[in-house]
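Presented below is the structure to which this report refers.
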Amino acid sequence: MCYQSLSYDKLKPRYQISVQVSDGVNAPDMATVTIEVVDINNNAPLFTPSSMTQEVRFSKSVPVGFIVANVNASDQDFGVNANIK
Ligand SMILES: [Ca+2]
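Count along the sequence shown from 1, then add 1305; that gives the number in our numbering.
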């Protein structure tokens, strides 16, 4: 039984627990179980700040692909789940 939620984002990703089995008559047996909590892609990327105004000045002939502004975003997940496109 799990007495708290397991979240990769908030807890350590690996646990070891000991479990015991018994029939109440014969000698019990024990085992060690390793639980690995894996991250899932459950957080959406967020812009920081969520809105901004930026004055941009450029000539009439701007090539395609010209960068007109930079914004920042982050994702609370880990590894590939934190990739932002
Ligand atoms: Ca994510």
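No residue lacks a Cβ here, since even glycine has one placed at the ideal position from N, Cα and C.
With contacts defined as CB atoms closer than 8 Å, Val1338 and Ile1322 qualify as a contacting pair. Not one heavy atom of ligand 1 sits closer than 7 Å to the Cβ of Asn1331. Using a Cβ-Cβ distance cut-off of 8 Å, the region 1360 to 1378 and the region 1320 to 1335 are not in contact, since fewer than three pairs of beta carbons, one from each stretch, lie closer than that value. In the three-state reduction of the DSSP assignment, Val1338 falls in the strand class, which pools E and B. The shortest C-alpha to C-alpha distance from Phe1352 to any of Val1373, Ile1389, Val1326 and Leu1311 is the one to Ile1389.
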